[in-house]
Amino acid sequence: MRLYLIRHPRPAVAPGICYGSTDLALAEDPAVHVAALRGLLPPCAPLYSSPLARCRLLAELLHPAPVFDDRLREIDFGDWEMLPWESIDRAALDAWAAAPLHYIPPGGESAAMLRARVMAFLADLPDEAILVTHAGVMKLCAALLAGVPEDAWLALSFDYGSVSLIESRRSQALNAQQIHRRGDDARPGRQIQDVGHQLVRAQTEVVAGAAQAMRRTPQR
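Numbering (numbering that gives the first Met the number 0), first residue to last: 0 to 219.
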């Protein structure tokens with residue numbers, strides 16, 4: 000299986016705001032990413048996208064017939080959506096940090112619930128596909144297809160407008176690369192997986208600090 004994972008462009012949201020399933024506008028023109036991305040994508044592969052505007056607008060520029068699938072939406076933070084992280088009850092954030100996979104924000108969904116719908120989506124994919132989606136979904140694709148363990152995938156990081164390639168036998172990872180990034184170190188073929196440790200640009204924060212990391216640098 001060859002899966003090209005594209006993270007949406009930067010959304011228009013103030014720093015320090017909790018957001019996931021909220022349908023945000025973009026802070027930049029998605030067209031600025033198209034030329035670089037097209038040269039790295041297989042021309043005949045189907046493209047699937049989250050229906051949220053920050054993904055949809057880019058998907059429509061990259062492919063003549065994108066398929067929009069609700070299973071590719073970002074995690075739903077429920078009552079926390081669009082609140083400043085600092086205003087969310089400290090006890091609730093501590094409970095989330097203690098059980099980051101199974102804690103359910105009020106009115107929202109857990110990471111385990113997100114994982115279930117991503118697993119169902121991946122089971123329906125052909126052997127080669129392009130996804131335009133969100134950081135949470137991309138982390139789970141890395142976990143499920145590239146064998147990234149639970150204590151590491153929560154801390155994975157993907158740049159806005161970047162594409163990462165995962166090649167796997169569905170049950171066993173072969174390789175994972177980020178082949179386009181914005182910024183000074185953007186270069187095709189940049190290897191981002193430490194194959195021996197099976198981490199994809201893992202940050203220093205791990206499970207115990209998941210909630211605190213989200214408050215500092217929310218990536219949705």
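Note that the Cβ used here is the ideal one computed from N, Cα and C, for glycine as well.
Which residues does DSSP list as the beta-bridge partners of residue i?
i	result
Y47	V66 and L130
Y3	I129 and L164
L25	P10
P83	I16
Nearest-angstrom Cα distance between residue i and residue j?
i	j	result
C140	R9	20 angstroms
S167	L121	12 angstroms
G106	A94	15 angstroms
R1	L164	7 angstroms
L92	P29	33 angstroms
G275	H32	Lying outside 0 to 219, the shown extent of the chain, residue 275 is not represented and no answer is given.
P99	V147	16 angstroms
H101	A154	16 angstroms
L23	P45	25 angstroms
F67	E149	28 angstroms
L144	K138	10 angstroms
M118	P65	20 angstroms
R37	A96	38 angstroms
G15	D123	35 angstroms
Y47	P63	11 angstroms
E80	A11	14 angstroms
L60	A13	26 angstroms
A34	A58	13 angstroms
C43	V136	23 angstroms
Excluding the five sequence neighbours on either side, which residues of its own chain have a C-beta within less than 6 angstroms of the C-beta of residue i, listed in chain order?
i	result
A142	W152
I5	V131 and V162
R116	R70
L82	C17
P104	F76, G77 and W79
P50	F67
Sorted by chain position, which residues of the same chain lie with C-beta nearer than 7 angstroms to residue i's C-beta, five sequence neighbours on each side aside?
i	result
E108	I74 and D75
A26	R9, P10 and A11
Just to confirm my understanding: we take residue i, look at its own chain, exclude 5 residues before and 5 after, and list those with CB closer than 8 angstroms. What are they?
i	result
T41	With the sequence shown as reference, residue 41 is identified as Pro, and Thr is not the correct amino acid for it. So the list reads R1, Y3, E127 and I129, once near-sequence residues are dropped.
Using 9 angstroms as the limit for Cβ to Cβ distance, is residue i near chain B?
i	result
L124	Going by chain labels, chain B is absent from the structure shown, which holds only one protein chain.
With three or more beta-carbon pairs closer than 8 angstroms as the criterion, would you say the stretch 42–59 touches the stretch 119–132?
yes
**Request:** Only counting runs of 3 or more residues, tell me where the beta strand (DSSP E) segments fall wholly within the stretch 102–159, in order along the chain.
**Result:** 127–132
Any contact between the stretch 80–92 and the stretch 108–119? By contact I mean 3 or more CB pairs, one from each, below 8 angstroms. no
Does the stretch 13–25 come within contact of the stretch 64–77, defined as at least 3 CB pairs closer than 8 angstroms? yes
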